[in-house]
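To start, the structure under review is shown below, and the notes come after it.
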Amino acid sequence: MKRNQIVVSVAVIAIMGYLYSLPVKGLVKPKEATRGGAAAMAPAVKANANINAASVSALAKPNIDASIATEISALESKLKTAGEADKLTLQRQLAKAWDSVTQPAPAAFYYFDIAHKSNEMADWLNAGKNFNAAYKLSQDTSAQGTYVANAVEAFDHATKLQPNSLEAKTGLGVAYVNGGAMPMQGITLLLDVVKQDPKNHDALLNLGMFAMKSGQYAKAVDRFKTMIAQKEEIEPYFYLAESYKQLGQKQEAIAAYEKCKELMGDPAAGQRIDEYIKELKK
């Protein structure tokens, strides 16, 4: 699976989780919106040694094709007995295999181990991006803490290798905000990225989402509209619709929901979105 296809798949999965966590009726009240960003004020997170490649791989295997799971298990068995010269090759094969089935958590751990050995920019970025994606998809708070802590470490290494990398700065900013220890430092990093690159996809998306969490829906709308003006994508359209809904702009919300539904092409998600649209039309 190509990287852009993986990103789209992760976006759909993330939206589905968000979609089914929300009520159909009603808007978020200001106090509730503020509490939605409470995670940004949580204590600093630390990695949990019990959350590792083996544990997340075991959880992920039932969710993928059985034949691919068998291939991955075979590679894992080889890794356990491999000599040092062969370990890196097997870890890369495992990382790519998990990437191909849109499972960022196990992919992240393998890239993380690879990066510690290679200290290559691409490996640190792959580890960090996958940890941030795993955080986004997970509902397990202990796992989320590990993903954030490891993402911070990965992107910190990346920024030391290339201090001017906007990709590394964006990833680190997202991880800081997710972790809660330094939310404003994370926002500052993202704002700096947008200052240098006003159309930066990842920075705009995350600034928009963080604006939603803190109840700043007008700011969120601006971020998502900037993204959509460059390229029509599922995620910004969905969050744009949610932001318009919270602002009471029903027609704009309906139009954005309709476009999101068109781009997703997922019957289950489409039915849920139809419920939102029906409620807004009342």
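With UniProt numbering, you'll find the sequence shown wraps up at 282, consecutive numbering, no jumps.
In this text, a Cβ means the ideal position worked out from N, Cα and C, and glycines have one as well.
T81: member of the alpha helix (DSSP H) spanning 66-81, first to last residue. Between the stretch 235-246 and the stretch 198-214, the count of C-beta pairs closer than 8 Å reaches three or more; the two stretches touch. Note that the C-beta distance between K261 and D274 is below 9 Å. In this chain, the alpha helix (DSSP H) harbouring A58 covers 53-60. Under the three-state reduction of DSSP, G215 is assigned to coil, being neither helix nor strand. DSSP places E233 in the coil class of the three-state scheme, outside both helix and strand. The DSSP-derived three-state label of Q103 is coil. With respect to the 9 Å criterion, Y111 and N126 are classified as neighbours on the basis of their beta carbons. Residue burial annotation: Q230 is exposed, with fewer than 16 other C-beta atoms found within 10 angstroms of its C-beta. Counting along the chain, A127 sits inside the alpha helix (DSSP H) bounded by residues 121-137. With fewer than 16 other Cβ atoms from the protein chains shown falling within 10 Å of its own Cβ, A74 counts as exposed. Between V56 and A175, the gap from beta carbon to beta carbon reaches 9 Å or more. The DSSP-derived three-state label of K259 is helix. Going by C-alpha positions, N130 is about 11 Å away from F155. Nearest to H116 by C-alpha distance, out of Y244, H157, P183, S100, is H157. Contact between L166 and V148 does not hold, since their C-beta atoms are separated by about 20 Å, which reaches or exceeds 8 Å. Between N150 and A122, the CB-CB gap reaches or exceeds 9 Å. Beta-carbon to beta-carbon, L247 and K225 are separated by about 13 Å, too far to satisfy the 8 Å threshold. Beta-carbon to beta-carbon, V177 and G186 are separated by about 4 Å, close enough to satisfy the 8 Å threshold.
By alpha-carbon distance to L137, the top candidate from K278, A69, L191, T102 is T102. Within the same chain, and ignoring the five residues on either side of L88 in sequence, the residues whose Cβ sits closer than 8 Å to its Cβ are I114, K117, S118.
Judged by DSSP in its simplified three-state form, S165 adopts coil rather than helix or strand. Under the three-state reduction of DSSP, N50 is assigned to coil, being neither helix nor strand.
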